[in-house]
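So that you can map any letter, position 216 of the sequence shown is 216 in UniProt numbering, and since no number is skipped, the others follow by simple counting.
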Amino acid sequence: MSFACFVPLWDLWDLWGSKGHRLRKDDVFGLCLVGIGIISVIGVTAPVPASVPRSAAFALPANAVTLENRERPASASVIHGYPRIVDGDTLAFGTTRVRLFGMDAFEQRQRCRRPIHNTAPDAAPLKFDTYRCGLQATEHLRALIGARPVTCVPRGRDPFQRIVAICSVEEASGETLDLGRAMVRDGWAVAFRKFSTMYVPDEEEARREHHGVWAASQETNDETLLFEWPWQWRYEERRDTQRRH
Numbered sequence: 001m002s003f004a005c006f007v008p009l010w011d012l013w014d015l016w017g018s019k020g021h022r023l024r025k026d027d028v029f030g031l032c033l034v035g036i037g038i039i040s041v042i043g044v045t046a047p048v049p050a051s052v053p054r055s056a057a058f059a060l061p062a063n064a065v066t067l068e069n070r071e072r073p074a075s076a077s078v079i080h081g082y083p084r085i086v087d088g089d090t091l092a093f094g095t096t097r098v099r100l101f102g103m104d105a106f107e108q109r110q111r112c113r114r115p116i117h118n119t120a121p122d123a124a125p126l127k128f129d130t131y132r133c134g135l136q137a138t139e140h141l142r143a144l145i146g147a148r149p150v151t152c153v154p155r156g157r158d159p160f161q162r163i164v165a166i167c168s169v170e171e172a173s174g175e176t177l178d179l180g181r182a183m184v185r186d187g188w189a190v191a192f193r194k195f196s197t198m199y200v201p202d203e204e205e206a207r208r209e210h211h212g213v214w215a216a217s218q219e220t221n222d223e224t225l226l227f228e229w230p231w232q233w234r235y236e237e238r239r240d241t242q243r244r245h
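In structure tokens:
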């Protein structure tokens, strides 16, 4: 293509130098620019040959992870491996952090309340102590995973640019265990209604059956919450930090 561009260029110079064909050098320069522009447009807009799949022509590296929240082939979007458990709703595959979709686990430093069992014969008012429900949430997720590999299907990104995904492990029976659903159903996370209502029925079941943090409500025979919602706890923590500074 580049060689073909020079042929008319030399012809134009010959015409300029021959008698009766006086072209200005500026004209020649302008014609060359037009020619180069046409060649460039043809090169940019030329379609990929039908014999070459477009996915192959613009292929990503083999180890790339698709991060956009849109439909992608399963082979490009699935994350599979043995993650480190960061907290009750976050996994780390190497340097890639994955946030479990549709649920919110109690934070690592978060504490919840529970009643102290009263052994006195009289019906004294209940007393409460606190326990590290956030740490228990982390340990529960660790127990659910065990030594098994985890498969995560990305759904997008959260405000902190972490991948948000539905993650699961394979049970001995061959069935798939949705880790987000299990955490909510067992009472160590709640449905993150702001982003999804997928696990609301599981949260209602956990509350009804008094699993996890909901167990304290059964002991008090009261539906008053003995914990802060995880997002509420984070908000209070940020506000307290701002006040201190």
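Ideal placement from N, C-alpha and C gives every residue a C-beta, glycine not left out. Being a predicted model, the structure only gives us computed values, none of them experimental.
Please report the straight-line C-alpha distance between residue i and residue j, rounded to a whole angstrom.
{"i": "residue 112", "j": "residue 230", "result": "11 angstroms"}
{"i": "residue 195", "j": "residue 89", "result": "14 angstroms"}
{"i": "residue 145", "j": "residue 80", "result": "13 angstroms"}
{"i": "residue 10", "j": "residue 158", "result": "For residue 10, the predicted structure reports a pLDDT of 38, less than 50, and the residue's modelled location is therefore unreliable. The matter cannot be settled from this model."}
{"i": "residue 179", "j": "residue 99", "result": "11 angstroms"}
{"i": "residue 214", "j": "residue 189", "result": "10 angstroms"}
{"i": "residue 154", "j": "residue 161", "result": "12 angstroms"}
{"i": "residue 64", "j": "residue 87", "result": "Any reading at residue 64 needs caution, since the residue's pLDDT is 33, under 50, leaving its predicted position unreliable; the model's value is listed next. Roughly 25 angstroms between the two C-alpha positions."}
{"i": "residue 207", "j": "residue 242", "result": "34 angstroms"}
{"i": "residue 169", "j": "residue 175", "result": "9 angstroms"}
{"i": "residue 201", "j": "residue 177", "result": "16 angstroms"}
{"i": "residue 233", "j": "residue 134", "result": "11 angstroms"}
{"i": "residue 171", "j": "residue 148", "result": "9 angstroms"}
When DSSP labels each residue in this structure, what does residue i get in the three-state scheme?
{"i": "residue 154", "result": "strand"}
{"i": "residue 140", "result": "helix"}
{"i": "residue 183", "result": "helix"}
{"i": "residue 90", "result": "strand"}
{"i": "residue 168", "result": "strand"}
{"i": "residue 213", "result": "helix"}
{"i": "residue 199", "result": "coil"}
Comparing alpha-carbon positions, which option in the options lies nearest residue i?
{"i": "residue 131", "options": "240, 241, 232 and 227", "result": "227"}
{"i": "residue 77", "options": "108, 92 and 156", "result": "156"}
{"i": "residue 237", "options": "110, 151, 225 and 84", "result": "110"}
{"i": "residue 83", "options": "129, 108 and 151", "result": "151"}
Quiz item: Counting pairs of Cβ atoms below 8 angstroms between the stretch 158–177 and the stretch 135–142, do you hit three or more?
Solution: no
Quiz item: Counting Cβ pairs closer than 8 angstroms, one from the stretch 182–194 and one from the stretch 103–111, do we hit at least three?
Solution: yes
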